[in-house]
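Written below as structure tokens is the structure these notes are about.
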Amino acid sequence: MKRALLLFLLVAACQNAAPTGAPEGGSAGAPRTGVVDVCAFGRRALIGLDSCAGKPIGEELAGAKRTFVGVVDTVKQTSPGAAETTCAQMLYALDGELGKLGCPLVLSAPERTRMLDLVEAWYAVRTPVALSGNAAADEIVARVAKVRDAACACETDECLAKVQEQFDTLGQFAPDAPASAQELGRKLLDDVGRCGARIRKPVRR
């Protein structure tokens, strides 16, 4: 269970703010009729899970529950429209690890579909590229975007690792580079991380 909690906390820490482009409305981002939101049924599933394979889970699960509730409450205040996406990622990570132990989260078919839909939608988010007009900064952005596109086209860890070898050739923004360009560069690299997560933990239905 330590591995499960470690992964759970890692995902939670990375999601203290929802990523730009996270689904917030329409299609997978909008609650479906008759299905409570992911954060709500996630809390219920965690509260109801107090043992695995006939053995008490104990303090580690209690820690996971506290982390889930804390992150959910924070995200609902700072970015309420993206809270479900954050909850879906956290639940999906924990569900996968618990499943390896033989006790996946108890979710109804519509709830599990909702969770997986949101994770898939998050995997598909790609930051649009808008150049700043600063030639030097835009050149770096173009390089990062090219690497992002190559990484997101990968289907294996080997492919992703080969693309990541290009990181050292991207260059660095000058101290006076436009803040918008620097922020865009960071978001494009976030896309690379998202595409890596899709490869390492694909949605399985």
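Under numbering that gives the first Met the number 0, read the sequence shown as residues 0 to 204, first letter to last. We treat Cβ as the ideally placed atom computed from N, Cα and C, and that holds for glycine.
Rounded to whole angstroms, residue 39 and residue 51 show a C-alpha spacing of 22 Å.
Note that the segment 165-183 does not touch the segment 107-125; fewer than 3 beta-carbon pairs, one per stretch, sit closer than 8 Å. Residue 76 is classed as exposed because its beta carbon has fewer than 16 other beta carbons within 10 Å across all chains shown. When the five nearest sequence neighbours on each side are left out, the beta carbons in the same chain lying within less than 6 Å of the beta carbon of residue 187 are those of 126, 143, 144 and 147, in order along the chain. Between residue 41 and residue 102, the C-beta spacing is not below 7 Å. About 15 Å separates the beta carbons of residue 105 and residue 63, which is beyond the 8 Å limit, so they are not a contact pair. In the three-state DSSP reduction, residue 51 falls in the strand class (E or B). Counting only runs that start and end inside the segment 85-167, the alpha helix (DSSP H) elements of at least 4 residues fall at 108-122, 134-151 and 156-163.
A Cβ-Cβ separation of about 19 Å leaves residue 129 out of contact with residue 173 under the 8 Å criterion. The beta carbons of residue 180 and residue 140 sit closer together than 7 Å.
Per DSSP, reduced to three states, the secondary structure at residue 72 is helical. Taken through DSSP and simplified to helix, strand or coil, residue 170 comes out as coil. Secondary structure note for residue 186: its alpha helix (DSSP H) is the uninterrupted segment 178-199.
DSSP places residue 202 in the coil class of the three-state scheme, outside both helix and strand. In this structure the segment 107-117 does not touch the segment 155-163; the number of beta carbon pairs closer than 8 Å is below three. Exposure of residue 69 is indicated by the presence of fewer than 16 other C-beta atoms within 10 angstroms of its C-beta.
Distance from the CA atom of residue 81 to the CA atom of residue 153, rounded to whole angstroms, is 26 Å. Taking all protein chains shown into account, residue 83 has 16 or more neighbouring C-beta atoms within 10 Å of its C-beta and is therefore buried.
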